[in-house]
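Chains as they are written, first to last, in my numbering: chain A, 1 to 101; chain B, 102 to 202.
Using N, Cα and C, we set each Cβ at its ideal position, and we do this for glycine too.
Here is the structure we will look at, set down as structure tokens.
Protein chains: 2
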Amino acid sequence: MRHARLPASEEIALEDVFHALSDPFRLEIVRRLATEGEQSCQALEGDRPKSSVSHHFRVLREAGLIRTRNEGATRMNALRRDDIEQRFPGLLACVAPKPDD
Amino acid sequence: MRHARLPASEEIALEDVFHALSDPFRLEIVRRLATEGEQSCQALEGDRPKSSVSHHFRVLREAGLIRTRNEGATRMNALRRDDIEQRFPGLLACVAPKPDD
DNA sequence: TCGATAGTTCGATATTTTTCGAACTTTGGC
DNA sequence: GCCAAAGTTCGAAAAATATCGAACTATCGA
């Protein structure tokens, strides 16, 4: 499996972040990762086909919002909270509550 | 997105704001309104035709980011700083410095 | 090794946005 | 009243995104 492209923290572009978050499904994914922590793609797919879900996770990944790691046959997605906070302080707070809020 | 209406502060939708800000030209408009205050459309058009500029101002207006008032034959656009801050505290700080920063 | 599970990639189509010119509206000045 | 300036609206064409099925890859367990 090829390595998904992951921008470094300082490469994260605000336009890309905004575009990624302008879709309701993607915004919801980010919120759930924020409140519930790491999740598989499957755990967050609604009734969409896998290819659509995969597409949206890719947009989030390439925008720099999430990181994906393999865990056996499944891929776990996590919000890049610290990287985003460092690059755009306060942005995540507008979008997603912290788990302990 | 419909006709040139101005959403009330509490009607501003995060998705719409993100979409509006995901375009580089619109992001630049918002930044300039933030730093330089109220501006006419003309003052911020690059070398684009008027209809394109008008379109982008409309997207910003309908998303709730700017307010437009007539001043003679020209229309002055202002960032709805307080409304946005009230609805999504901290968001504008990620995007646009305050004039006195 | 076979089958099932979890995702990715590809290709085609559908939908949404963007772009631009032309016609139109409104306002101010002469 | 007429003209120019500043925007808006409309319509069509171009570009970007989203959607979905099908084929593919990788991992785990029996």
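Asked	Found
Reduced DSSP category for Glu-45/A - H, G, I as helix; E, B as strand; rest coil	coil
Contact list for Pro-24/A against chain B, beta-carbon separation under 7 Å	Glu-116
Positions along the region 41 to 59 of chain A whose CB lies within less than 9 Å of some CB in chain B	none
Arg-32/A (DSSP reduced to helix, strand or coil)	helix
Three-state class that DSSP yields for Leu-6/A in the structure shown	coil
Below-7 Å beta-carbon distance, Gly-165/B vs any chain A residue	no
Ala-96/A at chain B interface by Cβ criterion, 7 Å	no
Residue-level contact to chain B via CB, Leu-91/A, 7 Å cutoff	yes
Element boundaries [alpha helix (DSSP H), containing Leu-180/B]	Segment 175 to 180 is the beta strand (DSSP E) holding Leu-180/B; no alpha helix (DSSP H) there.
DSSP-derived helix/strand/coil call for Ser-153/B	helix
Among Arg-80/A, Val-59/A, His-55/A, nearest to Arg-67/A - alpha-carbon criterion	Arg-80/A
Within 7 Å, strictly: CB atoms of Ala-179/B and Val-131/B	no
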